[in-house]
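Going by my numbering, the first residue of the sequence shown is number 122, and it counts up by one from there.
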Amino acid sequence: MKQRARVGLLGGTLDPMHLGHVETARGAMKALALDQVIVLPARVPPHRAGEPMASPFHRFAMAALCAADHDWMTVSDDELQAPGPSFTAATLERLLAAGYDRSQLFFITGADAFAEIETWHRYPDVLKLANFAVVSRPRWPVGDLAARLPGLADRFVTAAATPRGSGTAIFLVDARTPDVSSTDIRRRLSGAQSVDGLVCPAVLRHITRHHLYDSGARAGVANELHGQD
Ligand code: ATP
Ligand code: MG
């Protein structure tokens, strides 16, 4: 059975999910007439460089709280359930094995993340597993990508174009997204600065209640209950 709905996938560490993610997903959805967007918090094994500050459980909870505000957005635990680090190629292969149709799947990234695509696991084959929807980010216009990635330039198409053949395409979506990053949010919170208007209200309540990004916080407190050292 092949699925008919056009499905966007937004992956990331999401530490935490913020309104930049929502607007990136919305921009891709509008430009490419997607029916829904599935948010996929990534699994980052402990003790790796750049390990997230919030646990996978809290990152999933925040994504779910944010998705609950939008009827076109859902959240999947697929990458958190799979062992080892999350690689997009493996995620897409699981979705294809589950019956998703690659011509109807759109992996959404910001232009900053896509600029690193040549370093991704199983590049360039990963580009054959789904369409890609690359969305502008402040200081990262999609128009600059052809110069950064000359080897891919002839595969870029605008969102309005209908790609030829049955292959997958790399769509460039020139949407305006807010100038916010998870790094900026963590930095503000550790300095007790406001992040009002940068994250979904329910996400902000969750962060505050669980002290996820307080100065000095290591957000795994739930792992340290029951009198453990
Ligand atoms: P960090 O600062 O921790 O890297 P981030 O804000 O970049 O966090 P990620 O979880 O790394 O968030 O990003 C997930 C995906 O969302 C990436 O593809 C990234 O490019 C994209 N993204 C995040 N924020 C924006 C934004 N404001 N505009 C466009 N794309 C964005
Ligand atoms: Mg990032």
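Every residue, glycine too, gets a C-beta built ideally from N, C-alpha and C.
On a predicted model such as this, the values are computed, not experimentally measured, just so you know.
Inter-residue Cα distance where the pair is residue i and residue j
| i | j | result |
| --- | --- | --- |
| leucine 153 | valine 247 | 20 Å |
| aspartate 350 | valine 256 | Bear in mind that a pLDDT of 46 at aspartate 350, under 50, signals an unreliable position, so the model cannot answer this. |
| glycine 132 | alanine 163 | 7 Å |
| aspartate 198 | cysteine 187 | 15 Å |
| arginine 309 | aspartate 295 | 28 Å |
| proline 166 | proline 204 | 9 Å |
| glycine 264 | leucine 273 | 13 Å |
| serine 303 | proline 206 | 20 Å |
| leucine 140 | threonine 298 | 8 Å |
| tryptophan 169 | isoleucine 306 | A small correction: the amino acid at residue 169 is arginine; tryptophan does not occupy that position in the sequence shown. Cα-Cα distance, rounded: 21 Å. |
| threonine 283 | arginine 215 | 26 Å |
| valine 316 | glutamine 225 | 35 Å |
| phenylalanine 429 | valine 324 | The structure shown has nothing for residue 429, since the chain only spans 122 to 350. |
| leucine 155 | leucine 266 | 23 Å |
| glutamate 237 | histidine 327 | 32 Å |
| proline 202 | histidine 142 | One point to set straight first is that residue 202 is glutamine, not proline, in the sequence displayed. Straight-line Cα distance between these residues: approximately 22 Å. |
Of the residues the options, the one placed nearest residue i, counting alpha carbons only
| i | options | result |
| --- | --- | --- |
| arginine 258 | Thr283, Leu216, Val301, Ala251 | Val301 |
| glycine 318 | Glu144, Gly133, Arg125 | Glu144 |
| lysine 151 | Leu186, Ala268, Ile229, Ala219 | Ile229 |
| tryptophan 320 | Ala236, Arg127, Asp190 | Tryptophan is not the amino acid found at residue 320; the sequence shown has valine there. Ranking Ala236, Arg127, Asp190 by Cα distance to valine 320 puts Asp190 first. |
| arginine 276 | Ala146, His142, Leu293, Gly312 | Leu293 |
| alanine 280 | His142, Arg127, Ala149 | Ala149 |
| valine 128 | Gly312, Ala313, Leu213, Leu325 | Leu213 |
| tyrosine 221 | Pro271, Phe208, Ala313, Leu130 | Leu130 |
| glutamate 92 | Leu270, Val278, Thr134, Arg269 | Outside the shown range of the chain, which is 122 to 350, sits residue 92, and nothing can be said about it. |
| glycine 312 | His327, Ser336, Phe208 | Ser336 |
Cβ shell of residue i (< 7 Å), same chain only, five flanking positions each side left out
| i | result |
| --- | --- |
| arginine 223 | Leu217, Leu250, Ala251, Thr289 |
| alanine 175 | Asp136, Pro137, Leu333, Ala340 |
Neighbour-count burial assignment, residue i, 16 or more Cβ in a 10 Å radius
| i | result |
| --- | --- |
| arginine 125 | exposed |
| glutamate 200 | buried |
| proline 177 | buried |
| arginine 180 | buried |
| arginine 330 | exposed |
| leucine 346 | In this prediction, leucine 346 has a pLDDT of 49, which is less than 50 and means its spatial position is unreliable; what the coordinates show is noted afterwards. So leucine 346 counts as exposed. |
| arginine 147 | buried |
| alanine 182 | buried |
| glycine 348 | For glycine 348, the predicted structure reports a pLDDT of 46, less than 50, and the residue's modelled location is therefore unreliable. A value from the coordinates is still provided. By the 10 Å Cβ count, glycine 348 comes out exposed. |
| alanine 268 | exposed |
| alanine 232 | buried |
Cβ of residue i within 8 Å of any chain E Cβ
| i | result |
| --- | --- |
| threonine 240 | Any reference to chain E falls outside this structure, which holds one protein chain only. |
Other residues of its chain near residue i: CB distance less than 6 Å, five sequence neighbours each side excluded
| i | result |
| --- | --- |
| arginine 63 | Since the displayed the chain opens at 122 and closes at 350, residue 63 lies outside it and no answer follows. |
| glutamate 82 | With the chain represented from 122 up to 350, any question about residue 82 goes unanswered, as that position is not in the structure. |
| methionine 194 | Val158, Ala188 |
| phenylalanine 253 | Phe228, Ile291 |
| valine 196 | Val160, Ala184, Ala185, Ala188 |
| asparagine 344 | Per-residue confidence for asparagine 344 stands at a pLDDT of 45, beneath the threshold of 50, marking its modelled position as unreliable; the derived number appears in the next sentence. The answer is none, since no qualifying residue turns up. |
Beta-bridge pairing of residue i - partner residues as DSSP gives them
| i | result |
| --- | --- |
| arginine 258 | Trp261 |
| leucine 293 | Val255, Thr279 |
| alanine 267 | Its beta-bridge partners do not exist; DSSP assigns none. |
| threonine 230 | Val255 |
| proline 162 | Gly133 |
| valine 196 | Val160 |
| valine 247 | BP columns for valine 247 are empty, so no partner. |
| valine 128 | Gln157, Leu226 |
Residues of its chain near residue i, where Cβ-Cβ distance is below 8 Å and the 5 sequence neighbours each way are ignored
| i | result |
| --- | --- |
| tryptophan 241 | Phe208, Thr209, Ala210, Val247 |
| tryptophan 261 | Gly231, Ala232, Asp233, Ala236 |
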